[in-house]
Every structure is written in structure tokens, then in C-alpha cells.
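Quick notes on the structure that follows.
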Amino acid sequence: MTGILFLIPIAIGLGLLGLVGFFWSLKSGQFDDMDGAALRILIDDDGPGDD
Amino acid sequence: MNAPAPRASLTALPETSFSVPGMRCAGCISKLETSLPMASGIAAARVNFTAKRVSISHLPETTIPEIQRAIAKLGFESQPIADNLVAPTGEDSRELLKAMAVSGFAMMNIMLLSVSVWSGAEGGTRDLFHWISALIALPTIAYSGRPFFRSAWAALRHGRTNMDVPISIGVTLATALSLFETFTGGAHAYFDGAVMLLFFLLTGRWLDSVMRDRARDGVTALLKNRAAGALVITTDGSSEWLASDKLKTDMVMLVAAGERLAADGEIVKGASRFDLSLLTGESAPAAMAIGDTVHAGTLNLDGPVEVRITAAGATTALADIARLMEDAAQSKSRYVRVADRAARYYAPAVHTLALSSFVGWMLMGAGWHQSLLIAVAVLIITCPCALGLAVPAAQIVAAGVLMKKGILVKDGSALERLAEVDRALFDKTGTLTMGQPEPVNLGELSAEQKSVALALARASRHPLSQGLRRALEREGVKAVALDHLEEIPGEGVKALWGLQEVRLGRTDAGEAGASLGVSLDVGDASATVLRFEDAMRPAAEATIEQLAKLGIESSIASGDRAEAVAPVARALGLTAQTGMQPQDKLDTIARLASGGQKVLMIGDGLNDGPALAAGYASLAPASASDAGQNAADAVFLGDSLAPVAQAVEVARATQRIVRQNFALAIGYNVIAVPLAIMGLVTPLIAALAMSGSSLIVVGNAIRLKAITK
């Protein structure tokens, strides 16, 4: 029974961590350009002007 | 991650956004972002692929045309976007997404605790779990419930009611009662139900808002005349590019062939013909010389002219049209969305039901605690969870389907209004017709002449050359190689083809009525005159037929002269009104509307702007003026007119699904409400019923994809 007293805060804390992570990613603009993000992975970044 | 986004380190540099509709692949992103900063005056470029937009931070002295040229060198067309259009996009969606994330997080945590309670936790454990649920739920409801509380309060203050009123009352009462239960160690707490309700409803709101943003981005990418400017000749004889809001009266602007005027003025040097079609709907170009007045929004066809500005910005002839448009748009804002119309009946019904079950149980001697518990269960069960999802879920699926067909619908309300129209009013120039000159006698040219013509036409940005180039490229003509290519403004293009001189240029022969002519000379042989006319849009006839099948009668309302409208009207079998001013079009719509008809206005020009704003629903082609696109409910891409009928069909299919969803939601209430009134609904049953009905409604909405294929 005392286990619950630790487990519940831990569970909620982990969930909160995810929520904070989501807010951070939203704020840093990671959801602004969903299609672009999917395409940027295909760009080689060996330095500018290599194409 | 690969290819980290370059960020401008100097935030002090001015930043300008350009819409670049031509970017289609990863290569385009890297090309724009790596090559643009190498151009002089540009510090950094950042692409937003979803919005088809690139923001460029540049030195203050770099002008917009210079940047456009730099982008053009990479092979992309671009248009500057005015600041006021960029800012608001996505703000609402972001707020809703945050609220949705918070309520989703809280819902899952509370549900976890509730499952333990449902499966038999008792005594201290149950109380502890209720307390934790309350600690999670209270801040969540305060944060995520704001959009609903705010809207409900605004409605109540104005003596109206909307969907948000029963939602706010239900959530608030359920929370208050659950708090009381928690304090007194009671068995039933509805925190899970209240938060789940918010989560589902926020999902619906967010979908609605995402749909609006997507369409707005799409339309912004098409805007072209806005943020225009002009090359102004300064006192020392040099020239300088000024944005249209910086233009002042008595400045002299240099307008090249193929450019649109940014302000009203008087020609002080040169002579040319002007395409007035966007402003007045007239398809025949008007010849103007020194002393004549020309208006903003018209297109200079032939040669360069110098224009002394007599009116700029808010004082131009365009501003009158803008004022008309503002007034006309008010009628549209009076439209009440389907969900809110349902709420007018729904909200009072729900509240009466809850109140009467409270009173009923009290009379039967159940005690106020139990009676209140049952009343809250009724409120929670009847809360329009499925209703709140029913409309946006169907509409976002429909918007996705329409977008694939090349139709950008601006919001859900537009879709609802599109479904109800029963009368169509078409503009002629640019709407039923292409609004661009197309050569009509290409058949008279030999294959050799065609190849020469294409090579010459490609060298010029003159509207007739562009039309000729498009037509020849469609035929698959290959251009010949030319030497000494030279464009003489106002005269045409000439070059050497081997040893022969070839020329594509103005002619005075062969022009009649609305048709324009161009002469093509190859060597010493006699010149061939190419005639140009404004061609009908593809599928125009089929579209009118399809509309008739849908029970929508069509007619033409044009600003053009009767002689120019007659052939089009005859070909399509439509009645037509001609020579109409913007005010006349408004009056026509008002007359039809007072006869109980719901008018679908389809138009493109600046002169159609007020009518587009006033129509019950309105559509504009992507080639339309900015004012037209801004005023219309939906914009369709491509040359064909077919999307007009498709838009109405999909809108009607959507409305059917919405009605089915309403029926499902009501059917669920018919079963669940008696149970709630009898006091059989526990928090567990409420949670199951709510998520079950929501899933069914969303599933039914997704069916729309298959129906409208």
C-alpha cells in the first residue's frame, strides 16, 4: 500500500515530463512545418554549396 | 537531425516573407536555404515547406525586386507577403493544441486512477485517488476550459446561447459536485468525465482551426497583387522601388509592359493599352495616351509608360470597392453555424431535463444529495461531446478531400453555406473565361513558323507572348535557336534566325472587338497575323449542366459589354446581365436573396469583390485578384471550372454526414438519458458512453473519404 504513495507521484511526474517536452517542442517551432521536417531528413548537409 | 535549420544570428536585420508556390521537394528547400544567402544583400533564408513560404533576412537596403530576382535565378517564382497576413496564422491552433495536450495528459492520469476506483478500491484508497484526481483536474479545467468558458460568457452576455453554454455549465457543475464528493468521502466523482469531455471537444475545436489555417496558408500562397509597388523616378533622375503603401501623390512611376499599376494616376509619358478586366470586367483592352487617367489594379499591356500618381493607397478607386466589400461581408457574419443552431434547441432541452430530474427525485424523497448527483449525471451524459466532434470531424475530412481536388475551403462555415446554395451567379471575364489571351488561329502557322514564334515569345513577358508560349508549349512545339534576340518595348521582339530577320510584334491589322492581334514576320515572306481571344475555361459547359442537375440555376453577371458577353452566354445557354458595376452585382444578389434564394457567387475580379463577400457562398479561381480571393469562401486551382460543381457536391455530402452524426448523437442520448434519469449511470458508464459515441461519430466522418472519391 505504501508503494502506491511513491508510484503515483512518479507516474504523474513522468507524464508531466512528457507534457513539458511537448510544450517545449511546440514553442521551439517543431510543429510549424510538418511537411518540411519530413523532407529535411533527405538533405545532405556536407556543407553549403555542394550541389 | 540532418540539415539543421540555419538561423539568422543578427535579429536586427529586416525580414521579408515570400510565397514560393513552386517548391515541391527536399531539393528545393536546400537550394533555397543554401544558395540564397550567397546572393548579395541576403543574410539568411528559412523555408517553411508546409506554408510554401521562405522568410529572408536581408540588409535594409536590399529591395524586394532584388530578392525576387535572386529567387528567380534559382528557378522559382515568388511573391512578397505583406506582414499583416503572416502574423496571425496558427496562433489559435497552437493555443488549442496546448489546451488539448494538457487535457489529454490529465484525462489519461485521472482515468488510470478511476479504473482502480471502478474495479473496487474502497475507503481510504478511494478517497486518496479522488483527491489526486481533483488535484490534477482542477488546474486542467481552469486551463483547458478557457476557450469554452470565454465563448459561453460572451454568448450569455449578449443574451444568446451556443454550444459552449451547456458545455461550461456541465463541466462546472460536475467539477463542483465531484469536489464536494471528494471532501465528504463520497463514492462517485466525475473528474474523469469532465476532463474527458474537454479533451474530445478540444480535439474538435483544434481540427476546425487547423482546417482554417491550412486553407489560409494555401490562399496566402496565391496572393499576388498585394504588397505590390512601383519603380518611382526620383528628382535626380534615378529610379527607386517603393512599396505601394509608400507611394504618394505627384510621384512619377515607371510602369513596364506586363506590370500592374500600384496607384491611380495620369499618364505623362508614353502610350499603351491597358487590361481593365480585373477592375471592371471589360475584356477589351483600352488604349491610353498622355493625359488619360489609369487606375490601380489594371495591367499595362504594350509599352512602358510614366504615370504621375493622383491617388495612392486608401484613396484609389480600389478603396471604394474595398468599402463596398466591408459592408457586404457583414451579411455573411450573421450566418449561424450548424452546431450553434442545434445548440439553440439542445441547450434548453438539456437543462430542462437535468432540472426536472433533480426536482423529480426530490419530490420522490431521494434527498438533495442524491438528486443533485443524478442531475449532474444527466448533464454529463447529455453534454454534446459527440455533437462537438460531429461537425468538425466531418468538415476536416471534407476539406482534405477538396484540397486534393484543388479546392481550398476557408472554414467550416463556408462548407455549410456551400451545401445550401440553390442559385449560381457567374462573372464572365476570368471566371467563365480564362481571363488570358489565347491564340485562336494557330492552325494557320506552318511547323517552322511555330518553332520561330515559340523562340520569340519565350523572350518576352508581354501577356500576349506568354499566352502564345503557353499554347505552343501545350502543342509540344520545339523552339529554334535565335541570335541577336532583342525586345523593343511597345514594338515587339526581333532576332536573327540564321540569316533571316524574324519579328513578333504589334500590328494594327486584324484587330476587331475584343480580339487582339500580333504579327509574325519570318524573313521577307508576308507577315502572318495571330489573333488572340479570351478562351472559355475547360469543362465550363459540363459544370453548368452538373449544377443544373444539383438543382442550381445559373446565370451570368458581367461588367463587360453585351457584345462580348453574348457569345459566352450563347455557348453555355445562360441568361446574362451585362455592363454591371460592383454595386449592380450587389443589388442582384440582394434581390435574389430577398426572393429566398441562396446565391453562390463565382467571380475573380476586383469588381466582383463586393459580390463575393455578399453571396451566400462564393468561389474564386486561383487566377483571381487578391481582393477576390480574400472575399471568396473557397478558391479553386487550375484552369478547369469543374471544381465549382465538385465543391457543392462534396459540401452536400458533408452536410449529409453531419446530419447522420447528429442523428447518432441524438440516438445515443435517447438510450443514455433515461438511464441517467433513473439514476443508473455511474461515472464508469458515463465514461464508456462518452468515448463510445465519440468514436462512432469520428468513424462515420472518415467514411466521407470513401463516399466522395
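For the protein sequence lines, the chains are R and L, in the order given. Just add 167 to the spot in the first sequence (first one is 1) and you have our numbering. Just add 31 to the spot in the second sequence (first one is 1) and you have our numbering. A virtual CB, placed ideally from N, CA and C, is assigned to each residue, including glycine. Model, not experiment: these values are computed from the prediction.
message: Classify D555 of chain L: buried if its beta carbon has 16 or more other beta carbons within 10 angstroms, exposed otherwise.
response: exposed
message: Would G419 of chain L and L232 of chain L qualify as a contact pair, given that the criterion is a beta-carbon distance under 7 Å?
response: yes
- request: Specify, as a first and last residue, the run of the alpha helix (DSSP H) that V409 of chain L falls within.
  value: That run of the alpha helix (DSSP H) goes 399 to 413.
task: Determine which residues of the segment 76 to 88 of chain L have a Cβ less than 7 Å from any Cβ of chain R, and write them out in chain order.
output: V78, N79, F80, T81
task: Spatial neighbours of I727 of chain L within its chain, please: CB distance less than 7 Å, with the 5 preceding and 5 following residues excluded, ordered by chain position.
output: If we look at I727 of chain L and ignore the five residues flanking it on each side, its Cβ neighbours are L695.
field: Per-residue DSSP class, three states only, for H515 of chain L
entry: strand
- prompt: Which partner residues does T65 of chain L have in the DSSP bridge list?
  reply: For T65 of chain L, which the question treats as bridged, DSSP gives no partner whatsoever.
query: Does the separation of the CB atoms of V630 of chain L and L456 of chain L fall below 7 Å?
result: yes
- request: May I ask you to report which of helix, strand or coil DSSP gives I321 of chain L?
  value: coil
query: Taking 7 Å as the CB-CB limit, is A130 of chain L close to chain R?
result: False, the Cβ-Cβ gap to chain R never drops below 7 Å.
Secondary structure of Q531 of chain L, DSSP reduced to three states: strand
query: E313 of chain L: buried (16+ other C-beta within 10 angstroms of its C-beta) or exposed?
result: buried
message: Taking the beta strand (DSSP E) that T742 of chain L belongs to, which residues open and close that run?
response: The question about residue 742 of chain L has no answer here: the residues shown for chain L are numbered 32 through 740.
message: Just to make sure I have the definition right: I need the residues of chain L whose C-beta is within less than 8 Å of the C-beta of F246 of chain R. Which are they?
response: Residue 246 of chain R is absent from the structure shown; chain R starts at 168 and stops at 218.
query: How long is the line joining the alpha carbons of A205 of chain L and P714 of chain L, rounded to whole angstroms?
result: 11 Å
query: Taking 7 Å as the CB-CB cut-off, is G170 of chain R touching chain C?
result: Protein chains in the displayed structure are R and L, and chain C is not among them.
- prompt: With a Cβ-Cβ cutoff of 7 Å, do L67 of chain L and A74 of chain L count as a contact?
  reply: Against a cut-off of 7 Å, the Cβ pair of A74 of chain L and L67 of chain L comes out as no contact.
message: For the segment 147 to 164 of chain L, list every residue whose C-beta sits within 7 Å of some C-beta in chain R, in sequence order.
response: I163
message: Check whether the segment 606 to 625 of chain L and the segment 582 to 597 of chain L are in contact - that is, three or more C-beta pairs closer than 8 Å.
response: In this structure the segment 606 to 625 of chain L lies against the segment 582 to 597 of chain L, because at least three pairs of beta carbons, one per stretch, are closer than 8 Å.
query: Thinking C-alpha only, which one of L:V553, L:Y377, L:G582, L:A130 is nearest W237 of chain L?
result: L:A130
field: N- and C-terminal bounds of the alpha helix (DSSP H) containing H161 of chain L
entry: 154 to 175
message: Here's a check: name, in chain order, each residue in its chain whose Cβ is nearer than 7 Å to the Cβ of Q577 of chain L, leaving out the five neighbours to either side.
response: A676
- prompt: Just by C-beta distance, which residues in the segment 42 to 57 of chain L are closer than 8 Å to chain R?
  reply: C56, A57
message: I need the DSSP call for A490 of chain L, collapsed to helix, strand or coil.
response: coil
- request: Examine chain R for any beta-carbon lying closer than 7 Å to the beta-carbon of N140 of chain L, and answer yes or no.
  value: yes
- prompt: Can you give, in chain order, each stretch of the beta strand (DSSP E) that sits fully within the segment 175 to 236 of chain L and has at least 3 residues?
  reply: none
- request: Assuming L603 of chain L and E572 of chain L form a contact by the criterion Cβ under 8 Å, report the distance between their Cβ atoms to the nearest whole angstrom.
  value: 6 Å
- prompt: What is the residue span of the beta strand (DSSP E) that F457 of chain L lies within?
  reply: Run containing F457 of chain L: 454 to 457, per the beta strand (DSSP E) assignment.
message: Need the endpoints of the alpha helix (DSSP H) that L88 of chain L sits in, please.
response: In the sequence as presented, Leu is not what sits at residue 88 of chain L; that position holds Ser. Under the DSSP assignment, S88 of chain L falls outside any alpha helix (DSSP H), being part of the beta strand (DSSP E) whose first and last residues are 84 to 89.
- prompt: Do E297 of chain L and R339 of chain L come within 7 Å of each other at the CB atom, strictly closer than that value?
  reply: With respect to E297 of chain L, R339 of chain L sits close: the two C-beta atoms are nearer than 7 Å.
message: Do T464 of chain L and M567 of chain L count as a contact pair if the criterion is CB distance below 7 Å?
response: yes
- request: Measure from the alpha carbon of D171 of chain R to the alpha carbon of each residue in L:A370, L:S48, L:V452, L:L159, then state which is nearest.
  value: Correcting the residue identity first, residue 171 of chain R is Ile in this sequence and not Asp. That would be L:L159, whose Cα lies nearest to the Cα of I171 of chain R.
query: Can you tell me whether DSSP reads V283 of chain L as helix, strand or coil?
result: strand
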